Amino acid sequence: MKFKNSLAYAQSLDEKDPLKLFRDEFYIPKLQGEDVLYFTGNSLGLQPKGTAKIINEELELWKERGVEGHFEGERPWFHYHKFAKESLAKIVGAKPEEVVPMNSLTTNLHLLMVSFYRPTSKRFKIITEAGAFPSDQYALESQVKFHGFTPEEAIIELAPREEETTLRTEDILTAIETNSKELALIMFSGVQYFTGQFFNIEHITKVGHKAGAVVGFDLAHAAGNIPLKLHDHQVDFAVWCHYKYLNSGPGSVAGAFVHNKHANNPDLPRFAGWWGHNEEERFLMKKGFKPMSGVDGWQLSNANVLATAALLASLAVVDKAGFDNMRVKSVQLTAFLEFLLNDLFSKEELAILTPNDSHQRGAQLSIALVNKGRKVFDELTSKGVVADWREPNLISNQAGVMRVAPTPLYNSYEEVFNFVQLLRKAIN
Ligand SMILES: *Cc1c(COP(=O)(O)O)cnc(C)c1O
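Quick note on this note's numbering: the sequence shown kicks off at 75 and runs consecutively.
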């Protein structure tokens with residue numbers, strides 16, 4: 075696709091955009107009466123206008139019927155988690171019985187590692203990416219300690235080559251093969267939160283299994299951003315949140331995937347709660363845990379109905395738009411942003427850390443600002459740009475990084491154009 079660097083051209087792309095009306099389904103925050111340029115859907119997606127209605131329906135049911143709401147109404151609370159399954163399964167490429175909304179992301183990571191990180195004295199290592207999101211680092215660190223190992227001996231962190239900002243798939247696969255005798259688990263993110271790199275889930279899983287390891291992914295930045303095929307790619311387990319690209323509200327209920335091949339494995343140890351127990355007998359309150367088949371057997375508690383209601387509202391928007399259509403627009407929107415950045419800035423002014431291959435990224439571009447980055451970022455903020463700033467770290471070395479994620483449901487080509495203009499002025 076050849077783009078042009080002009081406002082009229084950006085507007086013409088919006089005119090042709092089949093998803094352009096979906097912006098109206100969201101509340102756009104304002105600064106001094108004007109819509110902000112909101113590019114932080116990778117951190118907290120915006121509120122769908124349908125969210126309050128569905129939460130209010132549950133509040134009404136609770137008000138009118140009290141405890142009877144568990145079995146009455148349009149969406150009985152007893153079954154509440156099930157109402158999200160069909161839509162979630164499409165988004166992550168799974169069977170409905172392989173996905174469930176529950177808990178929060180880090181909680182699910184721990185719960186599934188209890189089952190899927192089973193180190194022995196010979197096989198106890200975990201491979202992960204260097205610079206992973208801190209919560210994931212802490213989870214891995216505390217899990218290996220829980221099993222009597224030290225993070226130094228048990229956790230292998232893969233970093234990009236010198237002078238490079240993202241990992242090469244070949245280097246990941248080689249590291250897996252090199253460590254195959256001692257490897258218990260591969261735990262990677264789907265999309266790296268800092269660089270925006272989308273890892274090759276299919277190949278990592280295949281080579282990981284060949285090495286005799288279990289393979290899990292944290293899809294916080296991938297779910298709702300890039301279509302996935304967790305079932306076909308034989309991923310063992312995965313976790314994600316719904317408040318980033320899936321617009322379900324701050325701290326909303328998270329998601330979990332367990333592949334069907336593990337659905338009825340009695341040898342998998344787990345931490346159990348009553349909502350994972352055989353549904354038919356759940357209210358008999360009997361001794362002896364009998365897990366539900368599939369990922370439902372990992373549930374601990376009855377559904378957080380108000381949070382899950384917000385999830386249902388946001389999934390309805392995705393279903394209406396069609397996730398494949400969203401991805402088509404997303405690829406083009408981000409490519410347009412990349413084109414404008416390359417057109418207007420020199421390599422000395424800024425560098426894009428994110429891979430330029432659309433198969434290796436989602437909506438986000440991570441932009442390293444070499445000089446006075448923080449000042450530029452603050453200037454943009456004062457002009458109504460909502461993006462995200464990270465100080466220099468091991469990947470970006472000397473430059474601070476601005477993460478910008480135009481999302482296909484509520485961002486436009488014109489907004490991307492205006493953002494790049496503002497960035498040009500701020501850097502000048
Ligand atoms: C956003 C994010 C989290 C946040 O974890 P919570 O348990 O939802 O607070 C964790 N890991 C990754 C990779 C993330 O991107």
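Where a beta carbon is used, it is the ideal one built from N, C-alpha and C, also for glycine.
These numbers were taken from a predicted model, which means no experiment stands behind them.
Query: Segment contact flag, the region 479 to 494 with the region 406 to 422, C-beta cutoff 8 angstroms, min 3 pairs; Result: yes
Query: Helix, strand or coil at residue 271 according to DSSP, with G and I counted as helix; Result: strand
Query: Completely contained beta strand (DSSP E) runs for the region 416 to 467, where each covers 3 or more residues; Result: 424 to 426, 439 to 443, 462 to 464
Query: Proximity test, residue 144 beta-carbon vs ligand 1 heavy atom, cut-off 8 angstroms; Result: no
Query: Spatial distance of residue 453 from residue 109 (CA atoms); Result: 17 angstroms
Query: Simplified DSSP assignment, three categories, for residue 302; Result: coil
Query: Where residue 365 sits in the DSSP three-state scheme; Result: strand
Query: Any non-hydrogen atom of ligand 1 closer than 8 angstroms to residue 267 Cβ; Result: yes
Query: Contained alpha helix (DSSP H) runs [length at least 4] in the region 328 to 408, N- to C-terminal order; Result: 379 to 395
Query: Any non-hydrogen atom of ligand 1 within 8 angstroms of residue 181 CB; Result: yes
Query: Separation of residue 77 from residue 380, as counted between CA atoms; Result: 43 angstroms
Query: Spatial distance of residue 259 from residue 135 (CA atoms); Result: 44 angstroms
Query: Any C-beta of chain B under 9 angstroms from that of residue 131; Result: Within the model displayed, chain B is absent; a lone protein chain is all it includes.
Query: Burial state of residue 440 (16 or more Cβ within 10 Å); Result: buried
Query: Classification of residue 292 by the beta-carbon crowding that lies within 10 angstroms, buried from 16 upward; Result: buried
Query: Three CB pairs or more closer than 8 angstroms across the region 363 to 375 and the region 167 to 184; Result: yes
Query: Outcome for residue 185 when other beta-carbon atoms lying within 10 angstroms are tallied against a minimum of 16; Result: buried
Query: Residue nearest to residue 505 in terms of C-alpha spacing, selected from 497, 335, 193; Result: Any property of residue 505 remains undetermined from this structure, which presents the chain solely from 75 to 502.
Query: Among 246, 191, 251, 243, the one whose alpha carbon lies nearest that of residue 222; Result: 191
Query: Contact under 9 angstroms by Cβ, residue 241 with residue 217; Result: no
Query: Nearest to residue 231 (by Cα), restricted to the options 204, 472, 87, 474; Result: 204
Query: Per DSSP, cross-strand counterpart(s) of residue 477; Result: 440, 462
Query: Terminal residues of the alpha helix (DSSP H) in which residue 159 lies; Result: 159 to 166
Query: Sub-9 angstroms separation of residue 386 and residue 157 beta-carbons; Result: yes
Query: Buried/exposed call for residue 141, threshold 16 Cβ in 10 Å; Result: exposed
Query: Three or more C-beta pairs below 8 angstroms linking the region 307 to 318 and the region 328 to 339; Result: yes
Query: DSSP three-state assignment for residue 319, whether helix, strand or coil; Result: coil
Query: Pair within 9 angstroms by beta-carbon distance, residue 435 and residue 301; Result: no
Query: Residue 116 burial status per 10 Å Cβ neighbour count (16 or more: buried); Result: buried
Query: Helix, strand or coil at residue 128 [DSSP, three-state]; Result: helix
Query: Cα-Cα separation, residue 229 to residue 197; Result: 12 angstroms
Query: Beta-carbon contacts of residue 375 that lie in its chain and below 7 angstroms, excluding the five residues immediately before and after; Result: 347, 349
Query: Limits of the alpha helix (DSSP H) - the one that residue 310 falls within; Result: Careful: residue 310 lies outside any alpha helix (DSSP H) and carries neither H nor E.
Query: Assigned secondary structure, residue 246 (DSSP; H/G/I helix, E/B strand, else coil); Result: helix
Query: Heavy atom of ligand 1 within 8 angstroms of residue 325 beta-carbon; Result: yes
Query: CA-to-CA distance, residue 296 to residue 137, given in whole angstroms; Result: 37 angstroms
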